[in-house]
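Peer 1:
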Amino acid sequence: MFQNTREFAQQLDNQDAISKYRNEFIFPKVDGKQVIYFTGNSLGLQPKRTKAYVDEIMSDWANLAVEGHFYAEKPWWDYQERFAKPLSKVVGALPSEVTVMNTLTVNLHLLMVSFYRPSGRRIKILCEEKAFPSDQYMLESQVRFRGYDPRTTIVEIRRREGEHNIRHEDILAKIDEIGDELALVLIGGVNYYTGQVFDMKAITRYAQQKGAFVGWDLAHAAGNIKLELHDWNVDFAAWCSYKYMNSGPGNVSGIFVHEMHHSDPEMPRFAGWWGHNKERRFKMEPKFDAAQGAEGWQISNLPVISLAPYLASVEMFDEVGMDALIEKRDRITSYLEFVLSEIQREVNGNFEIITPTNPSERACQLSVYLHGEGRNLFDYLMKAGVITDWREPNVIRLAPVPLYCSFEDMYEFGQVLKKGIQQLH
Ligand SMILES: *Cc1c(COP(=O)(O)O)cnc(C)c1O
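64 is the number of the first residue of the sequence shown in the numbering used here; add one for each residue after it.
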């Protein structure tokens with residue numbers, strides 16, 4: 064079906080309905096040549112349109128100063144409301160179920176205040192083995208803070224001996240095993256290391272039937288996979304905006320809180336004035352009255368200069384639509400997989416894709432275990448203008464981001480890889 068030739072790759076680019084978006088991004092250069100960028104799962108490229116969004120805030124601040132809160136063309140006091148509609152489409156939510164604030168790990172901590180409520184026997188948290196370190200630290204510190212022992216309170220779902228990915232049936236079995244001791248399930252929807260996509264709908268339903276809350280860390284999922292958070296009945300979720308969503312280094316996070324929790328007066332949370340009933344926010348009343356919806360979890364007034372790049376990005380996602388993005392994502396990821404297997408065959412390379420081969424269990428990322436050349440090959444690729452990332456012990460992660468990577472990039476990458484392996488042999 065596929066061919067490993069430049070002509071064939073170019074033909075795929077010509078058929079690609081969203082190829083023009085490549086020109087919307089700024090690519091770094093190595094030796095005067097635009098790089099092949101595989102690390103959009105770590106930090107997305109800068110869209111050309113973003114600078115104008117930031118400049119707008121800077122000009123409003125210069126020209127209006129404090130008056131900008133209400134009289135800027137995009138007033139600052141409710142700037143975050145511009146995200147509700149387009150962002151809700153990215154994650155499959157009602158507009159009232161999403162908002163933007165803080166950064167990812169901070170938001171997970173805040174959501175734990177609401178959704179980790181251990182009591183009696185029901186104290187345990189289920190997460191995945193080798194979760195992103197920040198998530199592990201967050202969970203451990205939360206558990207300790209509540210006075211429990213992380214070693215017995217946090218239960219990890221393990222991979223089977225010799226396997227790279229976690230089996231769905233093992234997750235369900237673990238939920239059964241913990242039974243009525245299960246307080247919370249919190250897993251990364253897309254594993255950052257292997258790129259494995261979990262069946263969030265089934266896991267959510269299964270754990271909720273046991274009486275647990277279910278939250279998802281969507282750092283590698285937002286802007287990458289089809290999410291239906293509302294319909295899946297997910298309790299809460301959070302994600303960062305700087306990976307697939309291209310909003311710039313360390314930028315703000317998005318959160319989702321399901322509608323079913325919006326009017327629960329018992330819901331514990333850490334409060335601040337920006338989560339207060341919007342109509343009366345500036346009346347400076349003494350008693351906190353939570354805004355309805357995800358906005359009720361906001362604490363401080365928002366970093367509008369940071370929101371600006373995210374808004375530029377969210378609007379771009381709205382233009383493109385997740386369906387078109389996902390269609391190309393699957394095609395370009397399959398093509399990359401094909402190119403890797405062709406090079407493997409041609410040079411007898413010693414590497415292995417550890418991401419699931421089943422398209423429903425993976426998205427944009429292919430993680431490649433370099434049994435042979437290892438770190439030297441990674442260094443060779445970087446010098447040749449192929450930006451990947453290195454994860455111990457011997458893994459490079461490749462994310463052919465559909466918004467700005469081309470099929471020709473995949474072909475070109477294969478040629479660089481081939482040369483690298485030949486030279487290092
Ligand atoms: C990228 C990533 C983070 C980063 O968290 P920050 O608070 O934004 O630094 C956390 N968790 C997961 C799963 C990630 O992939």
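For each residue, glycine too, the CB sits at the ideal point set by N, CA and C.
Just so it is clear, the structure is predicted and the values come from calculations on it, not from any experiment.
For the pair the stretch 424-431 and the stretch 264-276, tell me if three or more CB-CB distances fall below 8 Å.
Peer 2: no
Peer 1: When you get a sec, list the residues whose CB is within less than 6 Å of any heavy atom of ligand 1, chain order please.
Peer 2: 166, 167, 168, 195, 197, 198, 251, 255, 280, 282, 283, 303
Peer 1: With 16 other CB atoms within 10 Å as the buried threshold, where does residue 89 fall?
Peer 2: Against the sequence shown, residue 89 aligns to sequence position 26. Exposed is the call here.
Peer 1: Could you give the distance in angstroms between the alpha-carbon of residue 364 and the alpha-carbon of residue 159?
Peer 2: Looking up residue 364 in the sequence shown gives position 301. Looking up residue 159 in the sequence shown gives position 96. The straight-line gap from Cα to Cα measures roughly 18 Å.
Peer 1: Whole angstroms are fine: how far does the CA of residue 354 sit from the CA of residue 303?
Peer 2: Position 240 of the sequence shown, counting from 1, holds the residue named residue 303. Position 291 of the sequence shown, counting from 1, holds the residue named residue 354. If I take the Cα positions, the gap works out to 23 Å.
Peer 1: Considering only the beta carbon of each residue, do residue 435 and residue 413 sit closer than 7 Å?
Peer 2: Stepping through the sequence shown from its first residue, residue 435 is reached at position 372. Stepping through the sequence shown from its first residue, residue 413 is reached at position 350. Yes; because the gap between Cβ atoms is below 7 Å, this pair is in contact.
Peer 1: What do you get for residue 83, buried or exposed, if any count of 16 or more other CB atoms within 10 angstroms of its CB means buried?
Peer 2: Residue mapping note: residue 83 aligns to position 20 of the sequence shown, counting from 1. Residue 83 comes out exposed.
Peer 1: My understanding is that residue 273 touches residue 242, with C-beta atoms under 8 Å, so please give their C-beta distance in whole angstroms.
Peer 2: The count along the sequence shown starts at 1 and reaches residue 273 at position 210. The count along the sequence shown starts at 1 and reaches residue 242 at position 179. That pair is a contact at about 6 Å.
Peer 1: Between residue 245 and residue 256, what straight-line distance do the alpha-carbon atoms span, to the nearest angstrom?
Peer 2: The residue given as residue 245 occupies position 182 in the sequence shown. The residue given as residue 256 occupies position 193 in the sequence shown. Looking at the two C-alpha atoms, the distance is approximately 26 Å.
Peer 1: Determine the contact status of residue 333 and residue 176, defining contact as a CB-CB distance below 7 Å.
Peer 2: Here residue 333 refers to the residue found at position 270 of the sequence shown. Here residue 176 refers to the residue found at position 113 of the sequence shown. Yes, the pair counts as a contact, with Cβ atoms nearer than the cut-off.
Peer 1: For the stretch 251-287, list the beta strand (DSSP E) runs that are entirely contained and at least 3 residues long, ordered along the chain.
Peer 2: The qualifying runs are 276-280.
Peer 1: If we ignore side chains and look at the alpha-carbon of each, how far apart do residue 390 and residue 247 end up?
Peer 2: As a position in the sequence shown, residue 390 is number 327, starting the count at 1. As a position in the sequence shown, residue 247 is number 184, starting the count at 1. If you take the alpha carbons of residue 390 and residue 247, they lie about 33 Å apart.
Peer 1: Kindly identify the DSSP beta-bridge partner or partners of residue 432.
Peer 2: What you label residue 432 is simply residue 369 of the sequence shown in a count that begins at 1. Note: residue 432 sits in a beta bridge opposite 415, 458.
Peer 1: Starting from the C-beta of residue 398, find all residues in its chain whose C-beta is less than 7 Å away, skip the five residues before and the five after it, and write them out in chain order.
Peer 2: Mapped onto the sequence shown, residue 398 falls at position 335. Excluding positions up to five away in sequence, the list reads 65, 75, 470, 473.
Peer 1: Quick check on the DSSP output: the beta strand (DSSP E) that includes residue 409 runs from which residue to which?
Peer 2: The residue labelled residue 409 in the question sits at position 346 within the sequence shown. Note, residue 409: premise wrong, no beta strand (DSSP E); alpha helix (DSSP H) at 385-410.
Peer 1: If you compare alpha carbons, which of 408, 403, 278 is closest to residue 461?
Peer 2: In the sequence shown, residue 461 corresponds to position 398, counting from 1. Out of 408, 403, 278, 403 has the C-alpha closest to the C-alpha of residue 461.
Peer 1: Would you kindly work out how many angstroms separate the C-alpha atoms of residue 187 and residue 417, rounded to a whole number?
Peer 2: Numbered from its first residue, the sequence shown carries residue 187 at position 124. Numbered from its first residue, the sequence shown carries residue 417 at position 354. Each residue's Cα considered, the two are about 30 Å apart.
Peer 1: Can you check whether the CB of residue 291 is closer than 7 Å to the CB of residue 155?
Peer 2: Here the question's residue 155 lines up with position 92 in the sequence shown. Here the question's residue 291 lines up with position 228 in the sequence shown. Going by C-beta atoms, residue 155 is nearer than 7 Å to residue 291.
Peer 1: Can you tell me whether residue 334 is helix, strand or coil according to DSSP?
Peer 2: Residue mapping note: residue 334 aligns to position 271 of the sequence shown, counting from 1. If DSSP states are grouped into helix, strand and coil, residue 334 belongs with coil.
Peer 1: Where residue 151 and residue 293 are concerned, what is the direct C-alpha to C-alpha distance, given to the nearest angstrom?
Peer 2: As a working mapping, residue 151 is identified with position 88 in the sequence shown. As a working mapping, residue 293 is identified with position 230 in the sequence shown. For residue 151 and residue 293, the distance between alpha carbons rounds to 10 Å.
Peer 1: Whole angstroms are fine: how far does the CA of residue 79 sit from the CA of residue 465?
Peer 2: On the sequence shown, residue 465 is found 402 positions in, with the first residue counted as 1. On the sequence shown, residue 79 is found 16 positions in, with the first residue counted as 1. For residue 465 and residue 79, the gap between their C-alpha atoms comes out near 10 Å.
Peer 1: Three or more beta-carbon pairs under 8 Å between the stretch 110-128 and the stretch 318-325, yes or no?
Peer 2: no
Peer 1: For the beta strand (DSSP E) containing residue 360, name the first residue and the last one.
Peer 2: Counting from 1 along the sequence shown, the entry for residue 360 is found at position 297. No beta strand (DSSP E) contains residue 360, which DSSP labels as neither H nor E.
Peer 1: Under DSSP, the alpha helix (DSSP H) around residue 178 begins and ends at which residues?
Peer 2: If you number the sequence shown from 1, residue 178 lands on position 115. From DSSP, the alpha helix (DSSP H) with residue 178 extends over 167-178.
Peer 1: Reducing DSSP to helix, strand and coil, say where residue 323 ends up.
Peer 2: Indexing the sequence shown from 1 puts residue 323 at position 260. The answer is helix: DSSP assigns residue 323 an H, G or I state.
Peer 1: Assuming residue 477 and residue 67 make a contact with CB atoms under 8 Å, what is their CB distance in whole Å?
Peer 2: One-based indexing of the sequence shown puts residue 477 at position 414. One-based indexing of the sequence shown puts residue 67 at position 4. Confirmed, Cβ separation roughly 6 Å.
Peer 1: From the beta carbon of residue 72, is the nearest beta carbon of chain B less than 7 Å away?
Peer 2: The chain inventory of the structure shown lacks chain B, comprising one protein chain alone.
Peer 1: With the cut-off set at 7 Å, would you say residue 368 and residue 99 are in Cβ contact?
Peer 2: For the purposes of this step, residue 368 is identified with residue 305 of the sequence shown, where counting begins at 1. For the purposes of this step, residue 99 is identified with residue 36 of the sequence shown, where counting begins at 1. No, the pair does not count as a contact, with Cβ atoms beyond the cut-off.
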